[in-house]
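Protein chains in written order, with our numbering: chain A, 1 to 248; chain B, 249 to 915.
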């Protein structure tokens, strides 16, 4: 199939960017979206132009490196997939595809389609852990039985890949879904309850400092999340936060 | 004492590690504050090591090429992590895990290292649960287990099909705790370009900031390389696009021996190649072999009809199917080790029984599991005399709960529903057992340069068993390196900070600059990917699942010529002093072009078949691997001498005091 691509090009963080048009022929349905961009780049390199830079690594939907706002949607039109798992069979011959970086004040553009998501790391550093030494000298793993449903729910929250689609989908560029997934994982497990109060306060504080917006319950994040992280996690984080505030 | 002193402690096998920990020198907490350690790579091994070393009090700097440590490729490990907990009461023990690993590795690993791995395996699970890793549980609240290939017990702990992700996020969280305390400085989007030696000791690295393009000098009292494997030398592999050998190879060029490069794991259950555009391959977890049955049509005409789309696999009667693993290996069936399963798939496809367009795929079928689970579920749900549709529905639900994410991934890539039609799979490059040679302390042949996880060669011999990579990465990082590195650093308590304004750093930086200028100064005919794909084809065709003398010799010549061509004609657009992904790729491929040649040389010299290394000249009449313990019961460690073909071989003889060497049999 033949595609008309409109791609955001930006030299570096301090330069202005713009949409550039490209036409690409010979795209097959079995290609992934990123393989389509690989072909475009081969083409550009052979013409002596600079290739389009984009973030990607595992190409199997788990590392969370790839991003891309495709026709206005994070990770494109398919549901429950990252861009690397989006296949060209979801598009038609002659389609125009607009490709932009994830847009948020807290995610500044580094180059072309690459953004800086280190704000996510700093939120995790503020409290996304259990303060246990890694010496291995803990109790036997089966000492504390954990209800299967709670464990499964914690696992569902823990599957967040930190890609930032929730932020890019949100009109407020809120990071509530991302932050609440980690808060939830630990709030649901007995190991995590010990530090629950400080954790939610510290992570929310950092989230606000980074310049992410507030949640207004539109639910776009849940729809666009490639891992299906549930909005329930935001409700749980709000409850945890309220409880923490009352405790002082 | 030769150069290859493995430093295995004396004493009975089961006491070695405890004795060693009691014997080695410690650094007191106040002195640890004056010692710096660089950790390159932040996957399971690097992340775990960084967190623990920082917690002990050392000043740690971490480096990763990804934008966050959470994205290291450990994250993609699916199936699980082994530990000899014996929670199932099925006869597991440290000794059995040790024995299975040595046997699985086809008797090409070190007894003492593997025993230590088994010994600390239980601790890993305790540790991870304490960190909040949400492992799968049974209804009673206890941890659940599953089975993996090459063993007869259930010792694999898992978190759905995302065990690697959860363990990595655990290590990442432990790192974050130390970053928050100021004990780890994380340099993300940074690549190690070279190792810096001062007076023969590893004292720092030259790194490139991948965003600004700036070249930086970083010093430390010791350097840990935990940079993963080199599977991408094949271009197509299940590794991440960025996975590379640069750090390990740079260390090799500076004097670290590279061990057993030809020991590469070809994983049996990956999604087959679909076309020329393919950029990487996707694994379907080995855990699927717990429930999936592997088959091809028994008759060639049926295979042809399936390839041409005239016959559906579900239409083929039970007696017309060849469940070749169950047929050839009745004791282990579909759960034979990876090397055995891969070769068996290749054998069937080469014989003309392949089932996809290219003839390079076999079926992995869940129909019997769906039926079995459906019946069981109907019973436990109190449904009497369920009809077939109900059984299928219930069975599919059970299978979805176990492998849902894998089935979804398959469907997205292949566009077929694996609940209704069997999956198509084919072997692909997945893991490299070879790597930097290390002693019992995980130190390379360069003093102060350590290597952990997949980057070293240590524990898996010639074939790694499923769910053992995560175990080894975390064991090295959390529980081994933090002890052994202290022994070395106890000599450095009075050294003080290592200055970076010395001639050693100056020269190393200069060489890095010159290399990048050379890469961007080519005549500009072909892209980096052009060379990488060519290299991959040579590797897959001549150094892949089956190797022979003639083709290995050809491979050495072809890779050498390709490397020459690369340096003369590669085209790298853009500048060296800004973000430049093509330049990053070029540096990595340049090193693969050297490693590939050493790989072929190693495979050529090893005149035997063992584990993942199958030489066509050395096989039994039934086509099984023919090992030669008399002549090849050693680790081949290569010393850099300029051109890879001139590398010098050093042997570490493998001594088996606790296990009798046998022909591996899974029949």
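The beta carbon of each residue, even a glycine, is placed where N, CA and C say it ideally should be.
State the CB to CB distance for the pair residue 733/B and residue 347/B, rounded to an integer number of angstroms; the pair is presumed to be in contact (CB under 8 Å).
Going by Cβ atoms, the distance from residue 733/B to residue 347/B rounds to 29 Å, so no, they are not a contact pair.
Could you tell me the alpha carbon to alpha carbon distance between residue 249/B and residue 360/B, rounded to whole angstroms?
Low local confidence applies: a pLDDT of 38 at residue 249/B is under 50, so the model's placement there is unreliable, with the coordinate-based value given in what follows. Going by the C-alpha atoms only, they are around 19 Å apart.
If you measure beta-carbon to beta-carbon, which residues of the region 521-536 of chain B are closer than 8 Å to chain A?
522, 523, 525, 526, 527, 528, 530 and 531
Return the residues of the region 286-299 of chain B that lie within a Cβ-Cβ distance of less than 8 Å from chain A, sorted by chain order.
296 and 299
How far does the alpha helix (DSSP H) with residue 685/B in it reach, from first residue to last?
Segment: none, residue 685/B is in no alpha helix (DSSP H) and carries neither H nor E.
Is residue 426/B helix, strand or coil when you go by DSSP?
helix
Per-residue DSSP class, three states only, for residue 914/B:
coil
Go through the region 113-166 of chain A residue by residue and report every complete run of the alpha helix (DSSP H) that reaches 4 residues or more, in order.
118-125 and 148-158
Rounded C-alpha distance that separates residue 700/B from residue 687/B
11 Å
Just checking: is the beta-carbon of residue 249/B within a distance shorter than 8 Å of some beta-carbon in chain A?
Residue confidence is low: residue 249/B scores 38 on pLDDT, short of 50, so the model does not pin down where it sits. No coordinate-derived value is stated.
Bridge partners - residue 697/B, DSSP secondary structure assignment
471/B
What are the uninterrupted segments assigned as beta strand (DSSP E) that are 3 or more residues long and contained completely in the region 497-585 of chain B, given in chain order?
512-518 and 541-545
Is residue 315/B close to chain A? Criterion is C-beta to C-beta, closer than 8 Å.
yes
Cut-off 6 Å between Cβ atoms - residues of its own chain near residue 442/B, not counting five sequence neighbours on either side:
454, 498, 756 and 760
List the residues of chain B that residue 10/A touches, going by C-beta distances under 9 Å, in chain order.
Near residue 10/A there are no residues of chain B at all, since even the closest Cβ is about 11 Å away, more than 9 Å.
Got a sec: which bits of the region 188-211 of chain A sit with their beta carbon under 7 Å from any beta carbon on chain B, in order along the chain?
189, 191 and 192
Which residue comes first and which comes last in the beta strand (DSSP E) that contains residue 440/B?
438-446
Is the region 241-248 of chain A close to the region 269-280 of chain B, with three or more CB pairs under 8 Å?
no
Distance between residue 206/A and residue 234/A (C-alpha atoms, nearest Å)
16 Å
Cβ closer than 7 Å: which chain B residues qualify as neighbours of residue 56/A?
489
Taking residue 255/B as the reference, which of 843/B, 876/B, 693/B and 897/B has the closest Cα?
693/B
Range covered by the beta strand (DSSP E) that runs through residue 656/B
That residue, residue 656/B, is in no beta strand (DSSP E); its alpha helix (DSSP H) goes 636-662.
Helix or strand or just coil, what does DSSP make of residue 885/B?
strand
Please check if any C-beta of chain A sits within less than 8 Å of the C-beta of residue 385/B.
yes
Got a sec, what are the start and stop residues for the alpha helix (DSSP H) residue 396/B sits in?
That residue, residue 396/B, is in no alpha helix (DSSP H); it is neither H nor E in DSSP.
Going along chain A, which residues have a C-beta under 7 Å from residue 303/B?
133 and 134
Kindly list, in the order they appear in chain B, the residues whose Cβ is closer than 7 Å to that of residue 94/A.
Per Cβ cutoff of 7 Å: no residues; residue 94/A is ~20 Å from chain B at best.
Chain B contact for residue 145/A (CB, 8 Å cutoff):
yes
By a C-beta neighbour count over all protein chains shown, 10 Å radius and 16 as the cutoff for buried, is residue 182/A buried or exposed?
buried
DSSP beta-bridge partners of residue 252/A
Residue 252/A lies beyond the residue range present for chain A, which begins at 1 and ends at 248; the question has no answer from this structure.
C-alpha distance - residue 556/B paired with residue 369/B, whole-angstrom precision:
48 Å
Residues of chain B with CB under 9 Å from residue 109/A, in chain order?
In chain order: nothing, as chain B lies at least about 11 Å away.
Chain A residues whose Cβ lies nearer than 9 Å to that of residue 727/B:
134, 135 and 136
Specify whether the region 164-176 of chain A and the region 407-421 of chain B touch according to this definition: at least 3 beta carbon pairs, one from each stretch, less than 8 Å apart.
no
Closest Cβ-Cβ distance between residue 6/A and chain B: below 8 Å?
no
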